[in-house]
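> Numbering (the UniProt record's numbering), first residue to last: 1 to 456.
We put the beta carbon where it would ideally sit given N, CA and C, even for glycine.
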């Protein structure tokens, strides 16, 4: 890890490895979609309003034309009904069949009896406009209506005689057939305008916004330590506007970055050796600190923290590999009296020599450390209980044969325990500690083992 991240971030190697930004939708295309979408919404709304007004106007005209039929046909029908001339009535209705705005006509006498009729407002609403669209619209706008006109005869004395009535039937859906051509023209006109505006939007926005932004994006993506400031950005869009100002700002930024890269390159050349040296010293110091954190300063053996780590690791390995694991706890008999009689320096010397005896008999797989005070621990991977007891007995004999400065000959006691299935580190240490103190109670200068069944 570099000691100078603020310098390394400007180095050419880092600039060359910068990942390209994720691809996004071009701004020009988004502008075109938004503007054209807004235009389409407005165009559709205005077209709908225009068609609604056309439909309303045509419906009113249809109603007026139906009402106007009274002035045209009422006199003839009244005269024919007065003379009981049904053939004339039939002839008049035959002519009315050709009127496209009618879906039916019915003539009744003064008693309300039907004289002649054709069509039906309810059963035959007329012929809908051609095509699926016309059928759908006719169903949507289906609104039949009727108008009834009284038939009255005026005699030579000026008296009025009611002789019947006639009813015309029509439907507002017929208006759609009349509006079909108008609607088609409106739709074609709107489609042409929309297409032309889309082309205009695309060309103008692409030239004024899309192309300059694409040039700026490509310019920024190509910036690295090798070409900063060598090729200025030139916006092809005509005129002088905000995009030109942005291009000038990008060019100034690129020049400043180029100068910064050059300065940082010089700093890197001066700092590389120092960085390498400092990293080596930091590594050495880290190892020293780690060793100090795991070593007992008096004896040079592993301290309790290191013993806890090693014991936990060996227990985990033993569970996987199914091999035995034993630990030995030992301390110097009557060590307190040594401190009281000869002083703590003499006691420390005894501990140091005791540790040296342990170190001289340490096997390659063993871990030896100071558990606390005058108590020491030996972790013996691969050793069953009996071999561990024999090993502890050999150490006890060596201590007994050693002459300590000032303190003379001393003895020690040991407690041995072998890991049982499912047992934790604390439980294992507790059994070894119990065996050690059993040795103290049984006369000291001896090795006691914690055996299955609880015996020591």
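Output the distance between the C-alpha atoms of residue 76 and residue 144, rounded to the nearest integer angstrom.
One-based indexing of the chain shown puts residue 76 at position 76. One-based indexing of the chain shown puts residue 144 at position 144. Their backbone Cα atoms lie some 26 Å apart in a straight line.
> Excluding the 5 residues flanking residue 74 on each side, which residues of the same chain have their C-beta closer than 7 Å to its C-beta?
Taking the first residue of the chain shown as 1, we reach residue 74 at position 74. So the list reads 149 and 151, once near-sequence residues are dropped.
> Just list the alpha helix (DSSP H) runs in the region 63-105, keeping only unbroken ones of 4 residues or longer that don't cross its boundaries, in chain order.
Counting whole runs of 4 or more residues, the region 63-105 contains the alpha helix (DSSP H) stretches 86-96.
> Could you pull the start and end residues of the alpha helix (DSSP H) that residue 144 belongs to?
On the chain shown, position 144 is the one that residue 144 refers to. No alpha helix (DSSP H) holds residue 144; the beta strand (DSSP E) holding it covers 144-154.
> Output the residue ranges of the alpha helix (DSSP H) runs that lie fully inside the UniProt domain "GGDEF" (323-452) and measure 4 residues or longer, sorted by chain position.
If we require 4 residues or more, the alpha helix (DSSP H) runs fully inside the UniProt domain "GGDEF" (323-452) come out as 335-342, 344-360, 385-400 and 425-441.
> Classify residue 172 as helix, strand or coil using the three-state DSSP reduction.
Within the chain shown, the letter at position 172 stands for residue 172. Here residue 172 sits in coil by DSSP.
> Does DSSP classify residue 295 as helix, strand or coil?
Reading the chain shown from its first residue, position 295 is the one you call residue 295. In this structure, residue 295 counts as strand in the three-state DSSP scheme.
> Secondary structure at residue 260, three-state DSSP: helix, strand or coil?
Walking along the chain shown from the start, residue 260 turns up at place 260. Correct three-state label for residue 260: helix.
> How would you call residue 367, buried or exposed, if buried means at least 16 neighbouring beta carbons within 10 angstroms?
For the purposes of this step, residue 367 is taken as the residue at position 367 of the chain shown. The residue in question, residue 367, is buried, as its Cβ has 16 or more Cβ neighbours within 10 Å.
> From what residue to what residue does the beta strand (DSSP E) around residue 119 run?
Sequence index remark: in the chain shown, residue 119 carries index 119 (1-based). Per DSSP, residue 119 belongs to the beta strand (DSSP E) from 114-119.
> Could you check how far apart the C-beta atoms of residue 379 and residue 310 are, in whole angstroms? I think they sit under 8 Å.
On the chain shown, residue 379 is found 379 positions in, with the first residue counted as 1. On the chain shown, residue 310 is found 310 positions in, with the first residue counted as 1. The Cβ separation is near 6 Å, so the contact holds.
> Closer than 7 Å by C-beta to residue 389: which residues in its own chain qualify, once you throw out the five before and the five after it? Chain order, please.
The sequence position of residue 389 within the chain shown is 389, counting from 1. Answer for residue 389: 416, 447 and 449, listed in chain order.
> Taking the C-alpha atoms as reference points, what is the distance between residue 160 and residue 81?
Here residue 160 refers to the residue found at position 160 when the chain shown is read from its first residue. Here residue 81 refers to the residue found at position 81 when the chain shown is read from its first residue. Taking the straight line from one Cα to the other gives about 14 Å.
> Answer with buried or exposed for residue 105, where buried requires no fewer than 16 other C-beta atoms within 10 angstroms of its C-beta.
Counted from its first residue, the chain shown places residue 105 at position 105. Per the 10 Å Cβ criterion, buried.
> Report the rounded CA-to-CA distance for residue 84 versus residue 113, giving the unit in angstroms.
If you number the chain shown from 1, residue 84 lands on position 84. If you number the chain shown from 1, residue 113 lands on position 113. Residue 84 and residue 113: Cα-Cα distance of roughly 14 Å.
> Counting Cβ pairs closer than 8 Å, one from the region 334-342 and one from the region 268-281, do we hit at least three?
No, the region 334-342 does not touch the region 268-281.
> Find the nearest neighbour of residue 425 within the set 314, 395 and 451, judged by alpha-carbon distance.
Within the chain shown, the letter at position 425 stands for residue 425. Comparing Cα-Cα distances from residue 425 to each of 314, 395 and 451, the minimum goes to 314.
> Determine the burial state of residue 49: buried for a count of at least 16 other Cβ atoms within 10 Å of its Cβ, exposed for fewer.
By one-based count along the chain shown, residue 49 stands at place 49. Classification of residue 49: exposed, given that the 10 Å Cβ count is below 16.
> Using 8 Å as the threshold, is the region 302-309 in touch with the region 353-363, meaning 3 or more CB pairs across them?
No, the region 302-309 does not touch the region 353-363.
> When the Cβ atoms of the region 53-70 are set against those of the region 167-183, are three or more pairs found closer than 8 Å?
In short, these stretches touch, since the Cβ pair count reaches three.
> Considering Cα atoms alone, identify which of 403, 348 and 439 is closest to residue 392.
As a first step, residue 392 must be located in the chain shown, where it is residue number 392. When only C-alpha atoms are compared, the closest one is 439.
> Pick helix, strand or coil for residue 300, following the three-state DSSP scheme.
By one-based count along the chain shown, residue 300 stands at place 300. Note: residue 300 maps to coil in three-state DSSP.
> When you compare each of 418, 397, 110 and 38 to residue 166 by their alpha carbons, which one comes out closest?
For this step, residue 166 is matched to residue 166 along the chain shown. Considering only alpha carbons, the answer is 110.
> Could you check what DSSP says for residue 458 in three-state terms: helix, strand or coil?
A query on residue 458 cannot be resolved here, the shown segment of the chain reaching from 1 to 456 and no further.
> What whole-angstrom Cβ distance do residue 377 and residue 338 have, given they're in contact under 8 Å?
As a first step, residue 377 is located in the chain shown; it is residue number 377 there, counting from the start. As a first step, residue 338 is located in the chain shown; it is residue number 338 there, counting from the start. That belief does not hold up - the Cβ atoms of residue 377 and residue 338 are roughly 21 Å apart, past 8 Å.
> Spatial neighbours of residue 124 within its chain, please: C-beta separation below 7 Å, excluding the five flanking residues on both sides.
As a first step, residue 124 is located in the chain shown; it is residue number 124 there, counting from the start. With a pLDDT of 43 at residue 124, under the threshold of 50, the modelled position of this residue cannot be trusted; read the value that follows with caution. Result list for residue 124: 103 and 104, in chain order.
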